[in-house]
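First the structure, in the form of C-alpha cells, and then the observations on it.
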Amino acid sequence: MSVGVRNHRIDLLRGVSILLVLFHHFNIAYPLKDTILAAAVGWPAVRAVARNGNYGVTIFFVISGFLITSNAIRRWGGLDQIRLSSFLALRAGRIIPCVALLLLM
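If you count the sequence shown from 1, position 5 lands on 6 in my numbering, and the numbers rise without skipping.
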C-alpha cells in the first residue's frame, strides 16, 4: 500500500487516458461516423479523438513512471540511494502475484 494522500489530478489523468484507449478501441469495432455523438460534436472531432486514443497508453505509462519514481524517492530519499535488489524485489512483489493469478485462470 502506498502511504500518503492520493493526487486527484493524477487520478483524473488516469481516467482520461483509460477513456481515450477505450474510445479508440470502440471506434475500431463500431465505427462512430453515423452516431449521435458524431452528429452532436462533429465527425472530425470524434475521429480526431478516436484516432489518437492510443496516446492514452503513453499517458498511462508516463503516469506509472512518475508514481514509481515518486515512491522510490519517498522510500529511499533519492534516486542515487536506491538499492537495485530491493527495488526489483518490490516491483516483482507487485507484478508476480497478478501474473500468477492470470496463468492459473
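All C-beta atoms, glycine included, are put in the ideal place defined by N, C-alpha and C.
Ile69 beta carbon less than 9 Å from that of Ser18: no
Give me the Cα-Cα distance between Arg8 and Arg15, rounded to the nearest whole angstrom. Per the sequence presented here, residue 8 reads as Asn, with Arg not at that position. Taking the straight line from one Cα to the other gives about 11 Å.
Whose C-beta lies closer than 7 Å to the C-beta of Phe24 among residues of the same chain, with five residues either side of it excluded? Within the same chain, and ignoring the five residues on either side of Phe24 in sequence, the residues whose Cβ sits closer than 7 Å to its Cβ are Val50, Ala51, Gly54.
Could you pull out every unbroken alpha helix (DSSP H) segment of at least 4 residues lying fully inside the stretch 4 to 45, listed in chain order? 9 to 30, 37 to 42
Measuring only the C-alpha atoms, how far is Trp44 from Phe88? 47 Å
Taking the Cβ atom as the reference point for each residue, do Phe67 and Ile11 lie within a distance shorter than 9 Å? yes
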